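Q: This is the structure I have questions about; it appears just below.
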Amino acid sequence: MANQVPEEVIEEVRKANDIVDVIGEYVQLKKQGRNYFGLCPFHGEKTPSFSVTQEKQIFHCFGCGKGGNAVTFLMEMESYSFYEAIKFLADRSGVQLPESGIRKETSLSKENQSILSAYEWLTKLYHHLLRHTKDGKEGYTYLKERGLDDDTIDTFQLGFAPNIKDFTTEFLEKKGFHQQLMVKAGLLSQKDDNSVSDRFSGRVIFPIRNHLGKTIAFNGRAINEQGPKYLHSAESELFQKGRILFNFDLAKKHIRKESEAVLFEGSMDVITAYQAGVKNGIATLGTSLTESQAKLLKRYVDTVILCYDGDRAGMDATYKAAVLLQKVGCYVKVAPMSDDMDPDSFVRKYGGETFKEQVIKPSTTFMGFYMRYMKRNFNLSLEGDRIKYIETVLKQAALIESPVEREYYLKELSNEYNISMDTLTEEIRQFRQKSGTPEDKREQDRHTNRKADAFRKRKRLLPAYQNAERQLISHMLQNPYIADKVREEIGAAFNLDVHKIIATHLYAFYEEGNTADPGLFMERLDDDDARKIVAEMVMLPLKEDISDKEVNDYIRTILSESGDRVSIKALKEQQKLAEQQNDPLKAAQIAMQIIEIQKQLKNTN
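Quick note on UniProt numbering: the sequence shown kicks off at 1 and runs consecutively.
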């Protein structure tokens with residue numbers, strides 16, 4: 001692992017970045033006891049098995065086994081090199097890294113580095129043109145007429161690509177960017193005759209940033225009659241519409257603060273709402289919400305408010321998004337929007353405060369929206385349609401886990417259609433029974449660490465020598481004195497190869513003068529399996545004070561197994577020799593000895 005950054009600087013960076021805060025920017029963490037739990041970002045799950053220990057500054061997933069410290073988390077999460085992870089943490093905490101004598105490794109290909117650089121140059125150029133030149137005045141006037149102020153324009157780095165022949169093509173060429181790569185990146189367009197032209201000429205530019213704030217694509221809005229109204233960059237390795245949420249980089253901290261996200265349909269809705277004070281807004285990029293985007297939101301927040309257009313298409317999109325969000329475990333609310341309005345037009349007509357007070361704050365539950373939405377599918381003046389509507393609503397209500405919420409909507413139906421509560425309640429009971437819905441799935445939430453319990457139970461079922469090795473190495477990881485004693489007694493003579501690897505690295509770690517620091521030790525391990533097992537070991541519940549007798553007992557158990565294995569191996573070689581010498585009696589006697597030793601081992605374990 002290339003590590004040219006001075007150790008004292010790396011240590012300063014680590015101390016300046018609490019692992020709970022770092023991982024909390026990617027995962028919604030909730031404290032349970034001494035640890036924090038959340039949904040693992042490395043594998044799909046609906047109940048939390050991802051644990052973060054503030055005391056030890058490490059993370060471990062009881063589901064997939066991933067584990068490490070803040071640095072290795074970023075290396076896994078972002079595919080960062082070691083240097084990139086340290087640089088990210090240094091920038092985050094204001095620690096200055098030395099500029100000279102360091103090889104600045106990057107995990108990005110040269111091609112992607114070039115694409116990101118081109119987008120960065122053009123973002124600055126288009127924004128400068130819009131704000132400060134005649135060439136950008138047309139775009140600036142359009143945005144001002146849409147009600148945006150200069151601060152908002154600057155925050156989102158909105159720009160304008162002038163309608164000047166080959167303006168962008170020539171600019172990129174002068175900066176040394178390869179033309180075909182810029183076509184691939186979606187910044188230039190190639191015509192049928194293979195000539196190349198500017199892709200976004202004459203359009204207002206909305207930069208699309210990834211979660212780290214890097215521009216990875218543009219959304220160009222036509223302000224004259226010139227082709228499609230909106231034009232996105234072509235999809236690439238860096239930009240995939242179904243995996244990106246507009247404004248997520250700026251909204252993340254506000255989503256955590258508000259404990260809810262507001263999901264809009266369009267980027268202009270987000271920007272207008274942001275200016276109005278709703279800063280936890282994000283949007284899809286001209287497509288329906290995808291499962292990938294829904295899962296991303298669930299990692300960060302439990303509650304999502306859907307604020308789509310009020311027309312039929314907007315209602316349909318709201319319903320689809322709500323179903324998908326509920327599927328991944330989000331609690332969904334729906335902001336009321338009149339038929340002829342979208343969020344952007346509402347803010348411009350009535351103002352930001354009215355938008356917050358009359359649209360965002362009075363958001364209804366999904367069930368309240370569902371009842372209104374489904375009414376459009378039935379002619380409620382007809383008796384048959386009324387019955388079908390009530391049955392449809394009851395099936396949905398049967399999925400509600402809160403008895404209070406269920407009863408609330410049953411009373412609404414009872415009052416509106418003059419049906420007794422007993423009848424409605426019995427119908428709900430039957431629906432829940434048929435669907436196999438448990439009476440209270442919230443029980444799952446009271447056991448979010450059940451995977452950890454199952455994990456510990458599995459470990460208790462391991463053979464005695466394996467448990468002894470795991471317990472002993474766990475103590476060694478947190479006590480250099482015990483590690484030194486074990487090194488003198490058995491060295492690396494553990495029975496499992498991965499334990500030998502861990503012990504050998506740990507001895508070297510302490511010999512370098514390091515103190516007990518499991519997170520730092522894991523960072524030094526190149527072997528993924530070894531790192532996972534170390535994470536498991538550190539999470540084991542240990543006695544704070546372990547006696548020399550207990551350490552000796554562990555050592556004795558390990559050496560006993562090692563000796564028995566040597567004995568069995570030697571006997572098997574003798575048995576093979578006896579067979580080769582055509583001495584079946586001796587071979588059978590040796591076989592009985594092997595069986596007896598194995599039986600004793602089984603009884604011991």
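We put the CB at the ideal spot given by N, CA and C, even for glycine.
Only a predicted model underlies this, so the values are computations on that prediction, with no experimental measurement involved.
Looking at Gly-266: is its Cβ nearer than 7 Å to the Cβ of Ala-283?
A: yes
Q: Any idea what DSSP makes of His-232, helix, strand or coil?
A: Per DSSP, reduced to three states, the secondary structure at His-232 is strand.
Q: Would you call Glu-561 buried or exposed, if buried means 16 or more other Cβ atoms sit within 10 Å of its Cβ?
A: buried
Q: What would DSSP say about Asn-552, mapped onto helix, strand or coil?
A: In the three-state reduction of the DSSP assignment, Asn-552 falls in the helix class, which pools H, G and I.
Q: Taking the C-alpha atoms as reference points, what is the distance between Ala-161 and Tyr-274?
A: 24 Å
Q: Using only the alpha-carbon positions, how far apart do Asp-517 and Lys-56 sit?
A: 8 Å
Q: Taking C-alpha atoms, which residue in Asp-527, Leu-472, Gly-351 and Phe-494 lies nearest to Met-537?
A: Closest option to Met-537, judged by alpha-carbon separation, among Asp-527, Leu-472, Gly-351 and Phe-494: Leu-472.
Q: In angstroms with no decimal places, state the Cα-to-Cα distance between Val-9 and Leu-97.
A: 7 Å
Q: Is it a yes or a no for the segment 81-92 touching the segment 115-128, going by three-plus beta-carbon pairs under 8 Å?
A: No contact exists between the segment 81-92 and the segment 115-128.
Q: Starting from the C-beta of Ser-338, find all residues in its chain whose C-beta is less than 6 Å away, skip the five residues before and the five after it, and write them out in chain order.
A: The answer, listed in chain order, is Gly-310.
Q: Whose C-alpha, out of Ile-58, Glu-78 and Ser-79, is nearest the C-alpha of Asn-69?
A: Ile-58
Q: Apply the 10 Å Cβ neighbour rule to Met-421 and answer buried if 16 or more other Cβ atoms are within range, or exposed otherwise.
A: With fewer than 16 Cβ atoms within 10 Å of its Cβ, Met-421 is classed as exposed.
Q: Helix, strand or coil for Asp-440? Go by DSSP, reduced to three states.
A: With a pLDDT of 43 at Asp-440, under the threshold of 50, the predicted position of this residue should be treated as unreliable, though the coordinate-derived value follows. Coil.
Q: Answer with buried or exposed for Glu-523, where buried requires no fewer than 16 other C-beta atoms within 10 angstroms of its C-beta.
A: buried
Q: Hey, out of Arg-312, Leu-238, Ala-493 and Pro-207, whose CA is closest to Lys-124's CA?
A: Pro-207
Q: Answer with buried or exposed for Pro-362, where buried requires no fewer than 16 other C-beta atoms within 10 angstroms of its C-beta.
A: exposed
Q: Report all residues from its chain with a CB closer than 8 Å to the CB of Asp-269; omit the five preceding and five following residues, and keep chain order.
A: Gly-281, Ala-283, Cys-307, Asp-342, Pro-343 and Asp-344
Q: DSSP three-state label for Ile-502, please.
A: Here Ile-502 sits in helix by DSSP.
Q: Is the beta carbon of Lys-532 sitting closer than 7 Å to the one on Gly-213?
A: no
Q: Label Tyr-36 either buried or exposed according to how many other C-beta atoms from any shown protein chain fall within 10 Å of its C-beta, with 16 as the threshold for buried.
A: buried
Q: On a CA-only basis, which of Leu-525, Leu-520, Lys-576 and Asp-527 is nearest Ile-19? Give me that one, please.
A: Considering only alpha carbons, the answer is Leu-520.
Q: Find the nearest neighbour of Tyr-83 within the set Gly-139, Ile-305, Pro-41 and Val-13, judged by alpha-carbon distance.
A: Val-13
Q: Can you say whether Lys-46 is buried or exposed, counting buried as having 16 or more other CB atoms within 10 angstroms of its CB?
A: exposed
Q: Quick check: what's the CA-CA separation for Arg-209 versus Asp-193?
A: Cα to Cα, Arg-209 sits roughly 32 Å from Asp-193.
Q: Distance, Cα to Cα, Phe-177 vs His-232?
A: 20 Å
Q: DSSP beta-bridge partners for Val-359?
A: The partner list for Val-359 (beta bridge, DSSP) is empty, contrary to what the question assumes.
Q: Going by CA-CA distance only, name the one from Glu-544, Phe-494, Met-539 and Lys-184 that's closest to Gly-65.
A: Met-539
Q: Using the Cα positions of Phe-355 and Ile-153, report the straight-line distance between them to the nearest angstrom.
A: 20 Å
Q: Please classify Leu-380: is it buried, with 16 or more other beta-carbons within 10 angstroms of its beta-carbon, or exposed?
A: Its Cβ having fewer than 16 others within 10 Å, Leu-380 is exposed.
Q: Measuring CA to CA, which of Glu-383, Leu-382, Glu-427 and Ile-419 is closest to Gln-396?
A: For Gln-396, the closest C-alpha among the options Glu-383, Leu-382, Glu-427 and Ile-419 is that of Glu-427.
Q: Quick check: what's the CA-CA separation for Val-5 versus Gly-136?
A: 44 Å
Q: Leaving out five residues on either side along the sequence, give the residues of the same chain with a beta carbon under 6 Å from the beta carbon of Tyr-300.
A: Gln-28 and Ile-255
Q: Output the residue ranges of the alpha helix (DSSP H) runs that lie fully inside the segment 85-144 and measure 4 residues or longer, sorted by chain position.
A: 110-132
Q: Per DSSP, Tyr-331 is paired with what?
A: Thr-303
Q: Who are Leu-263's beta bridge partners in DSSP?
A: Ile-282 and Leu-306
Q: Taking all protein chains shown into account, do 16 or more other C-beta atoms lie within 10 angstroms of the C-beta of His-43, making it buried, or fewer, making it exposed?
A: exposed
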